[in-house]
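K.L.:
I am attaching a structure below and will ask some questions about it afterwards.
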Amino acid sequence: MKLIRKQNILPWLQSLGQDREVWAPILNGNGDLLFQQIHEGPICYDLKPMISCRRILFPQEEKLFEVQTDGTIIAKPDTTKRVLFGIRSCDAKAIVFTDMFFSKNFQDAYYESRRKNALLITLSCHDPMPTCWCNTLGTGPFLDKDFDLQLYPVQEDAFLIAIGSDAGKSALEASASLFEEMPDLQAKARIEALKDATLLKFAKNIDFAQALELAKERKISPKVYDKYSEECLACGGCAFVCPTCTCFDVREFTETGIITRCRQWENCFFEGFTKEASGHNPRRRFADRIARRFEHKLTFEPKNNHMVGCTGCGRCTIYCITKIGMHRFAELATTIK
Amino acid sequence: MAGLVATFGSGAMTNSINEFQNAECIFVIGSNTTEQHPEIGARIIEAAKKGAKIIVCDARSIRLVKYAAVHIKQRNGTDIALLNGIMNVIIQEDLYDKQFVAERTENFDALKTLVAKYTPEYVSKITGVPADDIIKAARIYATHKKSMIAYAMGITQHICGVDNVKTVANLAMLTGHVGMESTGVNPLRGQNNVQGACDMGGLPNVFTGYQKVTDEPVCQKFEKAWGVTGIPRKVGKTVTDMLAMAHKGELKALYIMGENPMMSDPDTKHVEDALKHLELLIVQDIFPNETTALAHVVLPGCTFAEKDGTFSNTERRVSRVRKAIEPIGESRQDWQIICDLAQRLGYPMKYSSWADILREINELTPSYAGITPERLETGFGIQWPCPNKDHPGTPYLHKGKFTKGLGTFVPCEHIEPNEVPDAEYPLTLTTGRVYWHYHTGSMTRRTNLLERECNQNFVEIHPDTAKSLNVRNGETVIVETRRGSIEIPTKITDEIVPGLIFVPFHFTEAKVNLLTNPAHDPVGKIPEYKVCAARIRKKG
């Protein structure tokens, strides 16, 4: 199995970057860890970025097309080639979910173009946050597929590498001199040991499995949503940091006669999400909107698409101003009958 | 400001935002905290979940009521009576902090004498609050060690706003809830930089850092630094005064920056008349608004995203704002506009950047001396007072000693609102804000998502009041006061008490400030936005 020393990662990524952008988790000036291009600063290997790489494949705001004054329509999907480095398992599984969303009923050309031009290099997770629950969902902390390359931080200064696709294989071959070999048996043992040690680090204070079962069977008490609605300030931040939130709205802007149609991330906690032109809203009560969010992710996605609409990344709790999110939902779901 | 200066010697939030989550008791009066200060509201909820006792004093059933050990629905404009009643109980039941009162304060006897008549039964008659609730709130507040008070415009926007604040401060001193972590008197400021505007002398009586314009050595210090002589030693005028003078023709020219008095000041008709009397009205703002429409000259300022500098937030924290994009169109940073104007008027203001200005502030302002541009480049800002470059800043004030030495009890009597309901105008109108919009709406009403959440004004009415008026939910009605009338849809809700109606002030289509009473506090000059007499008529 291939192994790369930490000091060789940047030269490797720079060589991959000759004909494409390379994005990785990098701290910005305010101390927030975000996916940025590697020339912006040193790569951070130890923490999960605040916002997943969803924002690269499915930007917060994206121009779909322009209508010129003579009626000509110009639509240009983004064909930039990119390497996305350091994706955590939960976020890689979220990309699988997003792939399904953007191809299920019709193929979304804009997403498809970005997606097929992206090389996904994941990093197995060795330090889960206290709100992570990928271990229950089977979406992490390590992947056995759905990556081009997966790195395992088996020692302080080096990573073992698993190959998940031909594109991944070529990305190694191009800089062959930067890699070393570790015998497969030894490498597997190291990975298994790392995985076992990581699984011990997950918080066990909440029974996520039971919460998920109750949600799948539609056995969540309405009181759960009432209680949650008291604690939630409806800022919408959870949908912003969620790697599987795919709802968007489409708007048009006109400037100097040119019409631009854009799409922007949407948020199911807002009243306007389903408010009708008449003013009627099928989800007028805030608690009903909260129910919609959790039912969508935990009840209807499993039923309709055989995937849970949550990959257990824990961000909706960590970044919430009242520290609720999926964590609090599971806590309430398993304690309120 | 004036109320806390008189009692403590310093007019700002005494403690810090993060301290709310560790409080044992939080007394919220005149603040819809989760809607208007969600970061603080979130911490109050966190504290409540950890077992803190929450006391909410508000005639509306705001969200925090769900966490409240006591919900006091005092009649609007009776806060002094309520707080005096609470102090009466604390003294009667011997729950006050005798050591603190003896060592750290003065004038206790006057307070004791004054509040003696404010028995729970007497207060109950004035406020409409059951005596038991007053007793309960008093016991909870006094018997916890870490008790914090938070208030906002519900306390200040009254003809007795300054006395309201003094009374809040009296309560905190009585129980020794000042000068420690997770205690204090915490006025929550409504804007990102309104604390900064006050700190920088945006008041008629002070230079930066509350150095008085009547203080000769202070004036000389500024004259020397600015290379001028003859800085006026007289206290200037407040907005309320200026508009009155403009109306009388005594004020000829007015330069307004970042304010929209045609939406935000009471009795809009009077404001309009006053502004139209001016020979010159200059308005500097980021968007055209109701006030720029009357201006002879509009100077386009730029938004937060287009400027460099600092903001000073509600917890006295000075932090950097960094320019993300270049100013759009002809807009410019406010300080550059002011410098150019000064130059044209014959005084060269030679600053080359925001950092230059902050360095001058460091030199001339003791409480900001250590908040240098270099220190603000990293971290999350510094809380004043910060007297030198090695000082870490001050998370809470009045530790061991009040800014003015001894804290002074300033006992105050209850004052009835300027205009109370009568046969002609039987309802009480109060005004405020909604979660989705900010102030006069210059920014938020241009934001499509916020506008989608809330795009029209409403008047909140209790079902009983609605029934007696024979109006339905969503029906457009006419709300009238002695100053004017607006057409507005109803929102019938039991989250408000009968007889009280509530209208937000963000909406130009139904400007509630056409209705509000310009009567104001004699010292603070803040108008009584929170109480006036009104009536509702069916349309047509």
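Protein chains in written order, with the numbering used here: chain R, 71 to 407; chain X, 395 to 934. Quick reminder that beta carbons are idealized off the backbone N, C-alpha and C, glycines included.
I need the straight-line Cα distance from residue 379(R) to residue 369(R), nearest angstrom please.
P.N.:
If you take the alpha carbons of residue 379(R) and residue 369(R), they lie about 9 Å apart.
K.L.:
Spatial neighbours of residue 920(X) within its chain, please: C-beta separation below 7 Å, excluding the five flanking residues on both sides.
P.N.:
Around residue 920(X): 550, 551, 555 and 914.
K.L.:
Here's a check: name, in chain order, each residue in its chain whose Cβ is nearer than 7 Å to the Cβ of residue 149(R), leaving out the five neighbours to either side.
P.N.:
Only 183 and 187 meet the Cβ criterion.
K.L.:
If you follow the beta strand (DSSP E) that residue 649(X) is part of, which residue opens it and which one closes it?
P.N.:
It spans 647-651 - the beta strand (DSSP E) in which residue 649(X) sits, taken as one unbroken run.
K.L.:
Starting from the N-terminal side, write out each stretch of the alpha helix (DSSP H) that is 4 residues or longer and does not extend beyond the stretch 106-194 of chain R.
P.N.:
DSSP runs (the alpha helix (DSSP H)) wholly in the stretch 106-194 of chain R: 124-127, 159-171 and 179-186.
K.L.:
Counting only Cβ-Cβ distances shorter than 8 Å, please list the residues of the stretch 297-317 of chain R near chain X, keeping chain order.
P.N.:
Going along the stretch 297-317 of chain R in chain order, one finds 300, 301, 303, 304 and 305 with a Cβ nearer than 8 Å to chain X.
K.L.:
With a threshold of 16 other CB atoms inside 10 Å of the CB of residue 738(X), please say whether the residue is buried or exposed.
P.N.:
It counts as exposed.
K.L.:
With C-beta atoms as the reference, is residue 770(X) less than 8 Å away from residue 715(X)?
P.N.:
For residue 770(X) and residue 715(X), no; Cβs fall outside 8 Å.
K.L.:
Looking only at its chain, what residues have a beta carbon closer than 7 Å to the beta carbon of residue 570(X), apart from the 5 residues adjacent to it on each side?
P.N.:
491 and 494, listed in sequence order.
K.L.:
Keeping to the same chain, check which residues put their C-beta closer than 6 Å to that of residue 775(X); ignore five residues upstream and five downstream.
P.N.:
711, 712 and 713.
K.L.:
Relative to the C-alpha of residue 164(R), which candidate in 111(R), 243(R), 209(R) and 328(R) has its C-alpha closest?
P.N.:
Out of 111(R), 243(R), 209(R) and 328(R), 209(R) has the C-alpha closest to the C-alpha of residue 164(R).
K.L.:
Let's test the definition: count the other Cβ atoms within 10 Å of the Cβ of residue 655(X) and tell me whether it reaches 16, buried, or not, exposed.
P.N.:
Residue 655(X) comes out buried.
K.L.:
Per DSSP, what kind of secondary structure is residue 601(X) in: helix, strand or coil?
P.N.:
Residue state, collapsed to three classes: coil.
K.L.:
Exposed or buried, which one is residue 923(X) when buried takes at least 16 other CB atoms within 10 Å?
P.N.:
By the neighbour-count rule (16 or more Cβ atoms within 10 Å), residue 923(X) is buried.
K.L.:
Which residues of the stretch 621-637 of chain X have a Cβ closer than 9 Å to any Cβ of chain R? Give them in chain order.
P.N.:
So nothing in the stretch comes that close.
K.L.:
Residue 927(X) to residue 916(X), Cα distance in whole Å?
P.N.:
So the two alpha carbons sit approximately 20 Å from each other.
K.L.:
Can you list the residues of chain R that residue 460(X) reaches, using a CB-CB cut of under 7 Å?
P.N.:
Result: 300.
K.L.:
Suppose you measure from the CA of residue 483(X) to the CA of residue 700(X); what does that come to, to the nearest Å?
P.N.:
When rounded, the distance between both Cα atoms is 53 Å.
K.L.:
Tell me whether residue 350(R), by its Cβ, gets closer than 7 Å to a heavy atom of the ligand COA.
P.N.:
This structure simply doesn't include the ligand COA, nor any ligand for that matter.
K.L.:
Whole-angstrom Cβ separation of residue 489(X) and residue 533(X), contact assumed at under 8 Å?
P.N.:
So it is a contact: roughly 7 Å between Cβ atoms.
K.L.:
Going by DSSP in three states, residue 256(R) sits in which element: helix, strand or coil?
P.N.:
Three-state result, residue 256(R): helix.
K.L.:
Using the beta-carbon of each residue, which ones in chain X are nearer than 8 Å to residue 342(R)?
P.N.:
By Cβ distance, chain X contributes 843, 846 and 847.
K.L.:
Using a Cβ distance threshold of 8 Å, determine whether the stretch 808-816 of chain X contacts the stretch 469-485 of chain X, with at least three qualifying pairs required.
P.N.:
In short, these stretches touch, since the Cβ pair count reaches three.
K.L.:
What does residue 428(X) touch in chain R if you count any residue whose Cβ is under 8 Å from its own?
P.N.:
Within 8 Å Cβ-Cβ: 303.
K.L.:
If you draw a straight line from the C-alpha of residue 624(X) to the C-alpha of residue 647(X), how long is it?
P.N.:
Approximately 21 Å, taken between the alpha carbons.
K.L.:
Give, in chain order, every unbroken run of the alpha helix (DSSP H) that is at least 4 residues long and sits entirely within the stretch 824-858 of chain X.
P.N.:
List check, alpha helix (DSSP H) in window: 842-847.
K.L.:
Applying a beta-carbon distance threshold of less than 7 Å, which residues of chain R neighbour residue 446(X)?
P.N.:
Per Cβ cutoff of 7 Å: no residues; residue 446(X) is ~14 Å from chain R at best.
K.L.:
Which class does residue 916(X) belong to by DSSP, given the choice of helix, strand or coil?
P.N.:
Three-state result, residue 916(X): coil.
K.L.:
Kindly indicate which residue of 515(X), 451(X), 582(X) and 703(X) has the alpha-carbon position closest to the one of residue 430(X).
P.N.:
Here the closest residue by C-alpha is 582(X).
K.L.:
Mind pulling the chain R residues with CB within less than 8 Å of residue 722(X)?
P.N.:
None at all; the shortest Cβ gap to chain R is about 12 Å.
K.L.:
Could you tell me whether the Cβ atoms of residue 248(R) and residue 74(R) are closer together than 8 Å?
P.N.:
Contact flag set, yes.
K.L.:
At 4 residues or longer, what runs of the alpha helix (DSSP H) sit wholly inside the stretch 253-335 of chain R?
P.N.:
Complete alpha helix (DSSP H) runs here, min 4: 254-269, 278-286, 292-301 and 307-311.
K.L.:
For residue 313(R) versus residue 201(R), is the C-beta distance shorter than 8 Å?
P.N.:
Against a cut-off of 8 Å, the Cβ pair of residue 201(R) and residue 313(R) comes out as no contact.
K.L.:
With residue 545(X) as the anchor, note down where its beta strand (DSSP E) starts and where it stops.
P.N.:
Residue 545(X) -> beta strand (DSSP E) spans 541-545.
K.L.:
Specify the secondary structure class of residue 535(X) as computed by DSSP and reduced to three states.
P.N.:
In the structure shown, residue 535(X) sits in a helix (DSSP, three-state: H, G or I).
K.L.:
Anything in chain X within Cβ reach of residue 321(R), meaning under 9 Å, just list it in chain order.
P.N.:
Here the neighbours are 842.
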